[in-house]
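Worksheet: one structure, shown below.
Residue numbers (the numbering used here): 1 to 306.
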């Protein structure tokens with residue numbers, strides 16, 4: 001097997017990446033080389049280049065932004081992606097039950113305990129992504145989670161940014177067109193998501209969110225209240241997250257569809273998988289079973305039913 005490893009040099013900090021990969025791949029006689037992301041060549045470009053060169057598998061080491069970018073370069077093709085977690089939150093790896101320790105994740109590559117499975121991706125404009133699009137307060141929270149904060153505080157940087165944003169956020173009118181339905185609500189944020197996990201410890205967004213169901217899940221967070229916090233933290237506190245009821249007075253309103261257009265007055269900032277996306281309006285669609293990802297074989301049935 002010929003493997004190309006895409007490495008984000010800003011990820012992992014002091015982790016001995018190359019030494020770990022050498023040990024893991026040497027045990028299975030895997031031929032591999034590495035490419036490093038830069039301002040001129042992102043992970044998507046490096047992944048596309050690897051495919052053109054005949055690589056059989058692309059592995060990406062970094063945080064969720066790096067993993068999502070590498071995935072964008074592989075969407076629609078047969079070459080699978082192996083995820084080597086090296087970021088602050090590693091949401092994608094957690095959602096797919098990929099080990100967070102680099103040595104354990106690397107052991108999946110070419111191992112008999114792993115398999116390439118198809119997952120959904122989402123498309124916004126000319127970009128593909130894996131996790132979610134966040135509009136309004138969610139995007140502003142990501143802006144507050146600076147690289148310096150993440151390096152210093154790790155995943156707590158996101159929690160602090162969320163608390164800061166909740167203290168100043170004001171609802172704005174959203175118009176969400178979901179397939180053939182139009183939903184008009186005042187909200188702090190609109191989240192269009194493919195993956196439910198949002199952090200460590202099992203914390204996840206409410207609802208039956210899965211990257212295997214061919215659907216997008218849309219949450220309108222209408223206010224920063226104790227009710228909203230309780231719903232968002234249900235996964236952390238109880239091990240599961242109930243679907244919020246779609247009443248008009250609910251703090252969080254949940255919908256599902258395959259094509260979503262989000263508009264707001266005034267226009268609101270947006271982010272996709274932690275990267276700025278400009279402002280509304282925007283349109284998001286689901287691309288069912290469009291990416292092959294290496295996951296632990298034992299988790300396949302559970303993932304398919306998630």
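A virtual CB, placed ideally from N, CA and C, is assigned to each residue, including glycine.
Check: Over the uninterrupted alpha helix (DSSP H) stretch that includes residue 51, give me the two end residues.; Outcome: 43-52
Check: Please return the same chain residues whose Cβ sits closer than 6 Å to the Cβ of residue 288, not counting the five positions on each side in sequence.; Outcome: 120, 214
Check: Buried or exposed: residue 161, going by 16 or more other Cβ atoms within 10 Å of its Cβ?; Outcome: Interpretation of residue 161 is limited by its pLDDT of 46, a score under 50 that renders its predicted location unreliable; no figure is taken from the coordinates.
Check: Is the distance from the Cβ of residue 186 to the Cβ of residue 171 below 8 Å?; Outcome: yes
Check: Here's the rule I'm using: 16 or more other beta-carbon atoms within 10 Å means buried, otherwise exposed. How should residue 113 be labelled?; Outcome: exposed
Check: Determine the extent of the alpha helix (DSSP H) in which residue 25 is found, giving its start and end residues.; Outcome: 17-26
Check: Which whole runs of the alpha helix (DSSP H) in the region 80-123 are 4 residues long or more, in chain order?; Outcome: 91-95, 102-106
Check: Pairs of beta-carbons, one from the region 256-272 and one from the region 87-105, closer than 8 Å: are there three or more?; Outcome: no
Check: With 16 as the cutoff for other CB atoms within 10 Å, does residue 19 come out buried or exposed?; Outcome: exposed
Check: Between the Cα of residue 134 and those of 212, 23, 3, 195, spot the shortest distance and give me the residue it belongs to.; Outcome: 195
Check: Let me make sure I understand the geometry here. Which of 27, 5, 29 has the alpha-carbon closest to that of residue 47?; Outcome: 5
Check: With DSSP as the reference, identify every bridge partner of residue 271, one or two as the case may be.; Outcome: 134, 276
Check: What's the call for residue 141, buried or exposed, on a 16-neighbour Cβ count within 10 Å?; Outcome: buried
Check: Let me know if residue 36 comes out buried or exposed under the rule of 16 or more other beta-carbons within 10 Å of its beta-carbon.; Outcome: exposed
Check: Assuming contact is defined by CB atoms lying nearer than 8 Å, are residue 219 and residue 252 in contact in what I supplied?; Outcome: yes
Check: In the DSSP assignment, what are the bridge partners of residue 191?; Outcome: 134, 219
Check: Which term fits residue 139, buried or exposed, when burial requires 16 or more other beta carbons within 10 angstroms of its beta carbon?; Outcome: buried
Check: Does residue 22 pass the burial test, meaning 16 or more other C-beta atoms within 10 Å, or should it be called exposed?; Outcome: exposed
Check: Helix, strand or coil for residue 287, going by three-state DSSP, please let me know.; Outcome: strand
Check: Mapping the DSSP letters down to three states, classify residue 65 as helix, strand or coil.; Outcome: helix
Check: Kindly indicate which residue of 221, 295, 255, 132 has the alpha-carbon position closest to the one of residue 284.; Outcome: 132
Check: So what's residue 236 in DSSP terms, helix, strand or just coil?; Outcome: Low confidence applies to residue 236: its pLDDT is 42, below 50, so where it sits in the model is not reliable enough to give any reading.
Check: Flag this pair as yes or no: are the beta carbons of residue 66 and residue 101 separated by less than 8 Å?; Outcome: no
Check: Measuring alpha carbon to alpha carbon, tell me which of 136, 256, 254, 115 ends up nearest residue 278.; Outcome: 136
Check: Hey, how far is the Cα of residue 189 from the Cα of residue 27?; Outcome: 47 Å
Check: For residue 242, is the classification buried or exposed, using 16 other Cβ atoms within 10 angstroms of its Cβ as the cut-off for buried?; Outcome: Reliability fails at residue 242, whose pLDDT of 41 lies under 50, so the model's placement of it is uncertain and no value is given.
Check: Leaving out five residues before and five after residue 272 in sequence, what residues of the same chain have Cβ atoms less than 6 Å from its Cβ?; Outcome: 124, 129, 133
Check: Here's a check: name, in chain order, each residue in its chain whose Cβ is nearer than 6 Å to the Cβ of residue 80, leaving out the five neighbours to either side.; Outcome: 57, 116, 292, 294
Check: What is the residue span of the beta strand (DSSP E) that residue 39 lies within?; Outcome: Here residue 39 belongs to no beta strand (DSSP E), and DSSP marks it neither H nor E.
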